[in-house]
Each structure stands twice: as C-alpha cells, then as structure tokens.
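In UniProt numbering, the protein residues as written are 1 to 134.
Note that beta-carbon positions come from the ideal geometry of N, C-alpha and C, so glycine has one too.
Let me begin by presenting the structure, written as structure tokens, before commenting on it.
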Amino acid sequence: MPNIYASRQFVMFLCTGGFAAAVNFGSRIFFSQYVSFSTAIVLAYLMGMVTAFALARVFVFTDSKNSVVRSAFYFTLINIAAIAQTWIVSMLLAYYILPFFNISKYIHEISHLIGVLVPVFTSFIGHKSLSFRE
C-alpha cells in the first residue's frame, strides 16, 4: 500500500490547508481585537474551515463521489473534532505549558499556530475516507 502522506493529493491538501490555516491565523488576530482569545480561536477556525472546504473540494479531492451536502456534513463533523484538538492544544500551551517555561512573548500566536497544526494528519484521513470519499 502506498504511503498516502507521500502522495500528490496530500501535498495539495497541505497547500490548500496551509492557505486555509493562514486565513484562520490571520482572522484570529483580527477577531482578538474584539472578543476573547478563546472566542477568537473558534471564530477564526470557522473562517478557515469554510476556506478549506472550498479549496479541498476543487483542488484536492477532485474525484469525490459525495454530493456537496454529504461532503459538507462529514467535513463539519471532522472539523468539530479538529477544532476541539486546536482549542485544547492552544489553551494548554497559552495558559499552562508556555508560562511554565517562562515564555511570555507571542504566547497566543505560538499557542494558536501549534494548535492549528496538530489535526493536519487526522483531518486528511477523515476527509479522504468520509468527506470526499472517492
């Protein structure tokens, strides 16, 4: 069985996901001016998720047999699990782990960036298997 993480499809997933992550990260900085860090992470994740869905459907999982509605349903379920991973990692880093190591500069940015990176591999498998089943 070929390594799916060495495939062109995974590389495209990383590229489109990277762009969506940039939307997520940038919008979190914007939202943080108006709401709490915790709320900003959730709002930003939603912005990134909409971006990721559109790009994944068009550029990554081009042979998907699922309807847009079915794809969106599974995409949302998988991203609920991913947002939980992102939020938990971000909160633990920002409020416990980084302060424990006396890191105080860019604490929210570092925490959120790592939080966004955590679910990349599990999300790819979920989307390939369910959201955009081929």
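May I have the straight-line CA-CA distance separating residue i from residue j, to the nearest angstrom?
{"i": "S27", "j": "N3", "result": "33 Å"}
{"i": "T86", "j": "Y45", "result": "9 Å"}
{"i": "I97", "j": "F30", "result": "24 Å"}
{"i": "Q33", "j": "P99", "result": "22 Å"}
{"i": "L43", "j": "N102", "result": "28 Å"}
{"i": "L92", "j": "R57", "result": "32 Å"}
{"i": "G126", "j": "F13", "result": "12 Å"}
{"i": "T16", "j": "A81", "result": "19 Å"}
{"i": "R8", "j": "F59", "result": "11 Å"}
{"i": "E134", "j": "Y95", "result": "41 Å"}
{"i": "M47", "j": "I114", "result": "18 Å"}
{"i": "I41", "j": "A21", "result": "12 Å"}
{"i": "V120", "j": "K128", "result": "12 Å"}
{"i": "A6", "j": "D63", "result": "18 Å"}
{"i": "L49", "j": "R70", "result": "The question names Leu, but residue 49 is Met in the sequence shown. Distance between the alpha carbons of M49 and R70 is about 16 Å."}
{"i": "V23", "j": "V35", "result": "17 Å"}
Please classify residue i as buried or exposed, where buried requires at least 16 other C-beta atoms within 10 Å of its C-beta.
{"i": "L55", "result": "buried"}
{"i": "K65", "result": "exposed"}
{"i": "K105", "result": "exposed"}
{"i": "S67", "result": "exposed"}
Check whether the Cβ atoms of residue i and residue j sit closer than 8 Å, and answer yes or no.
{"i": "F19", "j": "T51", "result": "yes"}
{"i": "S123", "j": "S90", "result": "no"}
{"i": "F132", "j": "F61", "result": "yes"}
On the premise that residue j lies in contact with residue i, defined as a C-beta separation below 8 Å, what is that separation, rounded to the nearest angstrom?
{"i": "L130", "j": "I78", "result": "7 Å"}
{"i": "F37", "j": "H108", "result": "6 Å"}
{"i": "F53", "j": "A84", "result": "F53 to A84, Cβ: 18 Å. No contact."}
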